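Residue numbers (this note's numbering): 7 to 357.
Here it is as C-alpha cells:
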C-alpha cells in the first residue's frame, strides 16, 4: 500500500492502514526516539521524587532570554500532523516560531507565537476552526499538514527580558513516503500603520514560485470611531501589476461575515473571535480566514493587500490610519524568496 505519511484526507481515510510510523516530541521525549519518553529521573526535591523515573518529571521547559530553542529536528520524509503548545501570554509576541524544511537555511515560517495560532495583540482567546484551535485556557493547536521530504526543524526564539517558565509542547508526526508534489507550509508576519494618503496594508509581497494561498490572520487596532472594515482584500498573481485578478468586496465579506459583523463568531473556515474595547483602550479586532476548500492557486508570484476604510458622514469612504498586523499562510515548492526582516520586540509589541 502507498504510504501517505500522515497526509490525511478527511474521516474517510481513517480506516486505511499505512506503513507510516507515528512519533511524538515533547519535553518528556525531546528527540521523539523509540522508547525515549519519560526517561528523566527526578531529583530528591522534585515533585515526582516519591514516584521515581517514568512519572511526570519533565513536562515543560524554560525559555531563557535571548535564546533560541530547537523544539524538533526530524529526519524525513514525513509529515507533522499536530502541534500543541501552551505558555503564558507574555510569550505570544515576544517569542518567534520558525519552521525550516529540507535543506533550506531560511525559515519558511517566521511568525510571533500567538499570531501563528490566530491569537493576535498578545491576547488569549478561543479559536474553534479546522486547522487552528485555541482551547481553554490557551491551548494552541495546529492541524496544518506539514510535509517534508528530507528534514523538518522547528525552533522558538525568546526575546523576552525575563525567563519564560512553563513552556509546554507536543509535536506529533508520521515518518514515511511523501508525494513528490507535496508542497511545504509557509507563513509570514507583517505589521504596518496605514496612512490617510494610502490606507493599505500589505499581507504578502515578493512570493515567487508555484503554490497556493491558504489563510489570513489579522490583528486590527482601530484609531477612529465607527465602522473600520469597508476595505477590500486583493490578490495580485502571476504577473498582475496595477489591477488584481481577485478582488474582494469588503473586510467582513472576505472573513465570511456580512453587514459589519454585529457580533463575534468562530467557525471551521473563518472567524471574528475578538472584538475588544475596554474602557480607556482603543478597539482591537482579531480575524481569521482559511482557504481550505478554496485555495488560491498561483503559478509564478503572489501579492496580497487589504485596505483600511471606514465612512465619513457625507457618505464618502474614510481612509483610516490604523495599526494592522497580519499572518499570510501558503504552500509552495521550495526554494522560497527571502522574507522581509521581522520587526524587533518593540516593533511587534501590542498597543
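Glycine included, every Cβ here is placed at the ideal spot set by N, Cα and C. Quick caveat, the model's predicted, so the values are computed rather than measured.
Rounded to whole angstroms, what is the Cα-Cα separation between residue i and residue j?
| i | j | result |
| --- | --- | --- |
| residue 149 | residue 320 | 46 Å |
| residue 343 | residue 192 | 11 Å |
| residue 110 | residue 158 | 10 Å |
| residue 213 | residue 108 | 19 Å |
| residue 314 | residue 297 | 22 Å |
| residue 77 | residue 275 | 28 Å |
| residue 194 | residue 83 | 24 Å |
| residue 348 | residue 66 | 27 Å |
| residue 229 | residue 181 | 48 Å |
| residue 70 | residue 99 | 15 Å |
| residue 105 | residue 79 | 10 Å |
| residue 40 | residue 179 | 13 Å |
| residue 68 | residue 75 | 10 Å |
| residue 259 | residue 57 | 56 Å |
| residue 353 | residue 168 | 18 Å |
| residue 232 | residue 127 | 20 Å |
| residue 261 | residue 241 | 15 Å |
| residue 32 | residue 245 | 44 Å |
| residue 301 | residue 318 | 35 Å |
| residue 152 | residue 256 | 31 Å |
| residue 273 | residue 52 | 43 Å |
| residue 216 | residue 304 | 6 Å |
Taking residue i as the reference, give the member of the options with the closest Cα.
| i | options | result |
| --- | --- | --- |
| residue 295 | 134, 34, 156 and 170 | 134 |
| residue 130 | 141, 47 and 137 | 141 |
| residue 309 | 337, 260, 243 and 253 | 243 |
| residue 91 | 137, 318 and 174 | 174 |
| residue 355 | 105, 166, 32 and 188 | 166 |
| residue 197 | 346, 30 and 19 | 346 |
| residue 2 | 27, 125, 222 and 223 | No answer is possible for residue 2: the residues shown for the chain start at 7 and end at 357. |
| residue 37 | 172, 19, 204 and 160 | 160 |
| residue 218 | 335, 235, 32 and 73 | 335 |
| residue 122 | 340, 72, 222 and 265 | 222 |
| residue 29 | 339, 42 and 331 | 42 |
| residue 93 | 340, 44, 144 and 211 | 144 |
| residue 306 | 185, 52, 265 and 341 | 341 |
| residue 211 | 333, 187 and 26 | 333 |
Along the chain, where does the beta strand (DSSP E) that runs through residue i open and close?
| i | result |
| --- | --- |
| residue 358 | Only positions 7 to 357 of the chain appear in the structure, and residue 358 is not among them; the question remains open. |
| residue 294 | 290-296 |
| residue 214 | 206-214 |
| residue 257 | That residue, residue 257, is in no beta strand (DSSP E); its alpha helix (DSSP H) goes 257-260. |
| residue 159 | 157-164 |
| residue 228 | Segment: none, residue 228 is in no beta strand (DSSP E) and carries neither H nor E. |
| residue 37 | From DSSP, residue 37 is part of no beta strand (DSSP E); its letter is neither H nor E. |
| residue 87 | 84-92 |
| residue 68 | 67-69 |
Kindly indicate which three-state DSSP category residue i falls into: helix, strand or coil?
| i | result |
| --- | --- |
| residue 121 | helix |
| residue 193 | strand |
| residue 280 | strand |
| residue 186 | coil |
| residue 354 | helix |
| residue 17 | helix |
| residue 307 | strand |
| residue 8 | Unreliable positioning characterises residue 8 in this predicted model, as indicated by a pLDDT of 45, which lies under 50. A coordinate reading is not provided. |
| residue 168 | coil |
| residue 240 | strand |
| residue 79 | strand |
| residue 299 | coil |
| residue 106 | strand |
| residue 152 | strand |
| residue 23 | coil |
| residue 221 | strand |
| residue 199 | strand |
| residue 264 | coil |
| residue 63 | coil |
Under 6 Å Cβ to Cβ from residue i, same chain only, skipping five residues before and after it: list those, please.
| i | result |
| --- | --- |
| residue 199 | 329 |
| residue 101 | 119, 162 and 164 |
| residue 171 | 68 |
| residue 311 | 206, 208 and 240 |
Within the same chain, show all residues whose beta-carbon is closer than 7 Å to that of residue i, passing over the 5 residues directly before and after it, in chain order.
| i | result |
| --- | --- |
| residue 357 | 227, 288 and 329 |
| residue 139 | 133 and 147 |
| residue 113 | 104, 105 and 106 |
| residue 316 | 230, 232, 233, 234, 236, 324 and 326 |
| residue 19 | none |
| residue 250 | 240, 241 and 242 |
| residue 86 | 152, 158, 177 and 179 |
Could you name the residues of the same chain whose beta carbon sits closer than 8 Å to that of residue i, not counting the 5 residues immediately before and after it, in chain order?
| i | result |
| --- | --- |
| residue 55 | 48 and 49 |
| residue 46 | 34, 59, 63 and 64 |
| residue 263 | 271, 276 and 278 |
| residue 265 | 258 |
The alpha helix (DSSP H) that contains residue i, what's its start and end?
| i | result |
| --- | --- |
| residue 98 | 97-100 |
| residue 144 | Residue 144 -> no alpha helix (DSSP H), and no H or E assigned at all. |
| residue 334 | Here residue 334 belongs to no alpha helix (DSSP H); instead the beta strand (DSSP E) covers 329-338. |
| residue 319 | Neither: residue 319 is in no alpha helix (DSSP H) and is coded neither H nor E. |
| residue 44 | That residue, residue 44, is in no alpha helix (DSSP H); it is neither H nor E in DSSP. |
Under 7 Å: does the beta carbon of residue i sit that close to some heavy atom of the ligand FAD?
| i | result |
| --- | --- |
| residue 195 | As for the ligand FAD, it is missing from this structure, which has no ligand bound. |
Using 8 Å as the limit for Cβ to Cβ distance, is residue i near chain E?
| i | result |
| --- | --- |
| residue 21 | The structure shown contains no chain E; it holds only a single protein chain. |
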